[in-house]
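Notes follow once the structure below has been shown.
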Amino acid sequence: MAWRLYLSLKNKYIATAGPCFNNRLMTSQFITVEGIEGAGKTTQLAFIREVLEAAGKKVLPTREPGGTVLGEEIRSLLLQQRQQGMTAEAELLLLFAARAEHLHQVIRPALASGIWVLCDRFTEASYAYQGGGRGIAWERIAVLENWVQGELRPDLTLLFDLSAEQGLARAGRRGLMDRFESEELAFFQRVRNAYLEQASRHPDRYRIVDASRSVAVVRAEVEAILHPFLRESV
Ligand code: ATM
């Protein structure tokens with residue numbers, strides 16, 4: 135997996151790190167991708183990576199929950215159907231435990247060495263799923279966010295937005311579903327609304343992309359968002 139490759143290259147990159155600002159190379163950026171099930175994140179993540187690499191950036195694709203050995207183990211616990219009785223608080227704390235590890239082992243070292251981090255979900259998903267979906271107060275999530283992340287926030291969050299009805303229809307909901315996928319429509323409606331509310335609170339770093347359109351149209355918009363962003367961050 136990508137993070138394994140990264141860990142094996144970590145020392146080399148850190149040794150060659152250039153001028154830093156706030157312990158980060160000025161050129162590295164932290165991009166996160168969010169959306170409910172069926173929003174097309176996977177296809178768009180591959181495309182975003184292509185665009186960044188074509189612009190000459192070193193990119194580390196990673197994901198949450200996950201991205202480290204411990205994080206991937208926590209992920210499998212979180213997704214297991216036999217953990218149906220898990221409390222919302224335990225779920226949130228496990229997510230932040232995985233995140234602390236991910237930040238320490240992967241995200242911060244990559245940013246410090248000039249590598250762009252492209253993360254499939256991050257803390258914005260905790261506000262949406264554990265906040266909106268499960269009903270945990272955002273103030274509580276903010277305490278963990280500040281503790282675990284300090285001042286680090288994504289530079290850009292692409293929110294692939296579509297209705298919960300469309301998302302679930304696209305996702306198909308066939309075969310074995312994990313603990314999140316088997317939630318009801320109303321859960322995903324709350325998650326979507328929470329994402330939109332966050333985007334309206336942080337217009338500086340969120341970009342909402344209407345994911346109900348064709349893959350080609352969505353791609354063109356993603357490219358249009360990334361290009362000026364790439365120019366500004368050179
Ligand atoms: P993916 O769908 O990106 O594989 O993520 C697995 C689940 O993790 C996802 N489920 N759905 N649908 C949402 C969930 N998740 C949270 O609930 N909170 C978080 O903070 C993160 C990062 C993910």
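The numbering used here numbers the first residue of the sequence shown as 135 and each following residue consecutively. No residue lacks a Cβ here, since even glycine has one placed at the ideal position from N, Cα and C.
Exercise. Any heavy atom of the ligand ATM closer than 7 Å to the CB of Arg-304?
Worked result: no
For this session: Between the Cα of Ala-320 and those of Gly-267, Leu-278, Glu-357, spot the shortest distance and give me the residue it belongs to.
Result: Gly-267
Problem set entry | CB contact flag (Lys-191, Trp-250, <8 Å) | yes
Problem set entry | Thr-176, enclosing alpha helix (DSSP H) - first and last residue | 175 to 188
Exercise. Would you say Glu-315 touches the ligand ATM, meaning its beta carbon is less than 7 Å from a heavy atom?
Worked result: yes
Exercise. Which ranges would you report for the beta strand (DSSP E) in the region 271 to 303 if only whole runs of at least 3 residues count?
Worked result: 290 to 295
For this session: Give me whichever residues DSSP pairs with Tyr-340 in a beta bridge.
Result: Thr-291
For this session: Would you kindly check if the distance between the Cβ of Ala-244 and the Cβ of Gly-205 is under 8 Å?
Result: no
Exercise. Cβ of Pro-195 versus every heavy atom of the ligand ATM: is any distance shorter than 7 Å?
Worked result: It does not: the Cβ of Pro-195 is nowhere closer than 7 Å to a heavy atom of the ligand ATM.
Exercise. For the ligand ATM, any of its heavy atoms closer than 7 Å to the Cβ of Pro-199?
Worked result: Yes, the Cβ of Pro-199 comes within 7 Å of a heavy atom of the ligand ATM.
For this session: Please determine if the region 279 to 292 and the region 195 to 210 are in contact, where contact requires at least 3 C-beta pairs separated by less than 8 Å.
Result: With the rule of 3 Cβ pairs closer than 8 Å, the region 279 to 292 does not count as touching the region 195 to 210.
For this session: Tell me whether His-236 is buried or exposed, calling it buried when 16 or more other Cβ atoms sit within 10 Å of its Cβ.
Result: buried
Exercise. Hey, would you say Gln-163 sits closer than 8 Å to Asp-289, going by beta carbons?
Worked result: The Cβ atoms of Gln-163 and Asp-289 lie closer than 8 Å to each other.
Problem set entry | Limits of the unbroken alpha helix (DSSP H) element including Glu-207 | 203 to 213
Exercise. Between Tyr-261 and Gln-332, which are expected to be in contact by the criterion C-beta below 8 Å, what is the C-beta distance as a whole number of angstroms?
Worked result: 5 Å
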